[in-house]
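The structure appears right after this line, and notes come after that.
Dropping the structure here:
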């Protein structure tokens with residue numbers, strides 16, 4: 267079943283890059299007591315994700331945080347090293363926290379996994395964004411396949 271507004275983010279482990287190497291991130295701790303804007307993409311370095319999705323959140327980071335968001339996070343079914351490289355290439359440092367869902371377990375637990383096998387990409391995440399407060403989903407924006415509008419930084423900014 268797909269996660270809904272009012273549901274709690276499942277207790278899972280994601281991985282984030284750091285100067286000390288890959289660091290586990292427990293979702294319970296990551297979302298606890300904070301407001302987080304999170305977005306997911308089908309893949310790092312893919313066309314829409316790299317040209318529009320991540321750049322939008324990097325560009326709007328100051329405005330989003332000015333609306334009371336403690337952290338902005340990007341998640342993708344990629345390994346932590348790819349997420350680190352993508353974040354560096356996209357100028358995310360200090361603006362967007364890159365989170366790796368290497369096996370797609372988080373996407374699956376949210377009910378937001380997608381099969382991109384016909385593109386040679388296997389199991390991935392749908393494109394979506396959310397506002398999560400203290401671990402509870404307050405806004406959820408899931409794109410139709412192939413679309414990019416409701417998961418954008420601009421759309422999410424208007425929800426704050």
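In my numbering, the protein residues as written are 267 to 426. Cβ atoms here follow ideal geometry from the backbone N, Cα and C, with glycine treated the same way.
May I have the straight-line CA-CA distance separating residue 371 from residue 335, to the nearest angstrom? Spanning the two alpha carbons is a distance of roughly 25 Å.
Taking DSSP's pairing of strands, which residues face residue 375 in a bridge? DSSP lists no bridge partner for residue 375.
Is the beta carbon of residue 358 sitting closer than 8 Å to the one on residue 324? Against a cut-off of 8 Å, the Cβ pair of residue 324 and residue 358 comes out as a contact.
Taking the alpha helix (DSSP H) that residue 337 belongs to, which residues open and close that run? That residue, residue 337, is in no alpha helix (DSSP H); its beta strand (DSSP E) goes 337-342.
Measure from the alpha carbon of residue 401 to the alpha carbon of each residue in 267, 292, 288, then state which is nearest. Cα-wise, what sits closest to residue 401 is 292.
Just to confirm before moving on: does the CB-CB distance between residue 418 and residue 322 stay below 8 Å? Contact: yes.
Roughly how many angstroms lie between the CA atoms of residue 312 and residue 299, to the nearest whole one? CA-to-CA, the gap between residue 312 and residue 299 works out to about 33 Å.
Just list the residues that DSSP pairs residue 303 with in beta bridges. DSSP lists 338, 397 as the bridge partner or partners of residue 303.
If contact is defined by three or more beta carbon pairs under 8 Å, each pair taking one atom from either stretch, is the stretch 279-294 in contact with the stretch 335-354? Under the three-pair Cβ rule at 8 Å, the stretch 335-354 counts as touching the stretch 279-294.
Residue range of the unbroken alpha helix (DSSP H) whose run includes residue 268: Taken as a continuous stretch (DSSP letters only), residue 268 belongs to no alpha helix (DSSP H), as it is neither H nor E.
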